[in-house]
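What follows is a short report on a single structure.
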Amino acid sequence: MRGAVITRSVCRQPDNRQSDEEAVRVQQECAPPPLANMERELLDFRDVAQDWEMLVHRVLTAGTPAPRIAHLTGLDPQEISRLTRS
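Going by this note's numbering, the sequence shown opens with residue 4, and the numbers climb by one from there.
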């Protein structure tokens, strides 16, 4: 077939020089859409969950009772109590 152009997406493992964000982006581009969507949800969760202790500590300091925080967040009340002692 003269003049035909065949393109192929090449997905490879990221090398050590790439940042974590770049590696995730490349892997998601190569993943099937349903899997890539679930992985994006996990990344969003990670971003939100990273600072949960700092957020709960700020809310406690502002005067919100620990049982109310547990009710609103679904966190284990023992985890919240641990933060009140630190």
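Quick reminder that beta carbons are idealized off the backbone N, C-alpha and C, glycines included.
Backbone secondary structure at residue i - three-state DSSP
| i | result |
| --- | --- |
| S84 | helix |
| P35 | coil |
| D2 | The structure shown has nothing for residue 2, since the chain only spans 4 to 89. |
| D79 | coil |
N-terminal and C-terminal residue of the alpha helix (DSSP H) that residue i is part of
| i | result |
| --- | --- |
| L63 | W55 to T64 |
| T76 | A69 to T76 |
Assigned exposure category for residue i - 16 Cβ within 10 Å defines buried
| i | result |
| --- | --- |
| V59 | buried |
Inter-residue CB distance, residue i and residue j (contact presumed, cutoff 8 Å)
| i | j | result |
| --- | --- | --- |
| L63 | L86 | 6 Å |
Any non-hydrogen atom of the ligand SAH within 7 Å of residue i CB
| i | result |
| --- | --- |
| E56 | In terms of ligand content, the structure shown is empty, and the ligand SAH therefore cannot be addressed. |
Cβ pair count under 8 Å reaching 3, the stretch 53 to 72 against the stretch 31 to 40: no
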